[in-house]
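Reading through the structure tokens given below for one structure.
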Amino acid sequence: MSVEVRQATVEDREELVHLIHEAFRDDPVSRWVFPDPAELHRAHAPFLAVFLDLALAVGRVDVTEDGSASALWFPRKPGAAGEGDVDDETGARLMAIAGRSRARAETVGRLTDEVHPHDRSHEYLQLIAVSPQHQGQGRGTALLAPALERCDRDGVPAYLEASNPGSRRLYERLGFTFTGTAVHLPDGPVMWPMWREPRGR
């Protein structure tokens, strides 16, 4: 499908927080981090909003013109901490919001960091959110197309963690491949780290 994609600004923040919360509240990882429905209701949106704020500040947030889908991207450099890495202040903010789910939130961060490639520059797709009523209509693919075209043009790889089998299949169609080392959350879901080499190289 054809959709218009633009770069979001802080003026879009309120709508984007709602979109990301709605898109991920039934996600297996979100449900694992916040197993108590009351805690999910209380903390999920503000928790994800921290990552949105970080992307608006130092990364890139793409959004469809109708506001039905959005993606958070961070540029990563090899070696030292890159843009989008959670500093101490941001980490403390996340843990304060997580509350009783702090240990689970820390586990996700630690395990995903352990498998995240640190030896090559790349674009990190932290999340893509599509509103529930628009899922399965091709909006995710359309939303990612301009960013992946930039990666191809600039010769930059892309990286992400798929949090469910459906999203993994979508990313495979877009040229991502499983790195071979999955993230197994204790007594919980599996996340699949995926890497995409720029096409045409």
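All residue numbers in the sequence shown are consecutive under the working numbering, ending with 251. Just so it is clear, CB atoms sit at the ideal spot from N, CA and C, and this is done for glycine as well.
(request) Determine, using beta carbons only, whether P280 and P239 come nearer to each other than 7 Å. (result) The chain is shown from 51 up to 251; residue 280 falls before or after that span and cannot be answered.
(message) Rounded to whole angstroms, what is the Cα-Cα separation between R63 and A146?
(response) 21 Å
(request) Assign P179 to one of two classes, buried (16 or more other C-beta atoms within 10 Å of its C-beta) or exposed (fewer than that). (result) It is Ala, not Pro, that sits at residue 179 in the sequence shown. Buried, since its Cβ has 16 or more Cβ neighbours within 10 Å.
(request) Measure the alpha-carbon distance for G250 versus S120 and round it to whole angstroms. (result) 26 Å
(request) Return the chain-ordered list of same chain residues with a C-beta closer than 6 Å to the C-beta of I70, the five sequence neighbours on each side being excluded. (result) L98, A179
(request) Can you give me the Cβ contacts of L102 inside the same chain, cut-off strictly under 8 Å, excluding the 5 residues immediately before and after it? (result) R63, L66, V67, I70, V111, L122
(message) Starting from R110, trace the beta strand (DSSP E) in both directions and tell me its first and last residue.
(response) 110-114
(message) Counting beta carbon pairs with one atom in the region 199-212 and one in the region 54-63, are three or more of them shorter than 8 Å?
(response) no
(message) One question on the structure: do R223 and W242 come within less than 7 Å of each other, judged by their Cβ atoms?
(response) no
(message) Per the DSSP calculation, T227 is bridged to which residue(s)?
(response) W245
(message) Let me check understanding here. Comparing Cα to Cα, which of P248, S118, L194, L193 lies closest to R203?
(response) P248
(request) Measure the alpha-carbon distance for H234 versus M244 and round it to whole angstroms. (result) 15 Å
(message) For a minimum of 4 consecutive residues, which ranges assigned as the alpha helix (DSSP H) are wholly contained in the region 84-172?
(response) 87-108, 138-148, 152-165
(message) Give me the DSSP bridge partner(s) of L193.
(response) BP columns for L193 are empty, so no partner.
(request) Using the Cα positions of E115 and V53, report the straight-line distance between them to the nearest angstrom. (result) 7 Å
(request) Keeping to the same chain, check which residues put their C-beta closer than 8 Å to that of T227; ignore five residues upstream and five downstream. (result) M244, W245, R246
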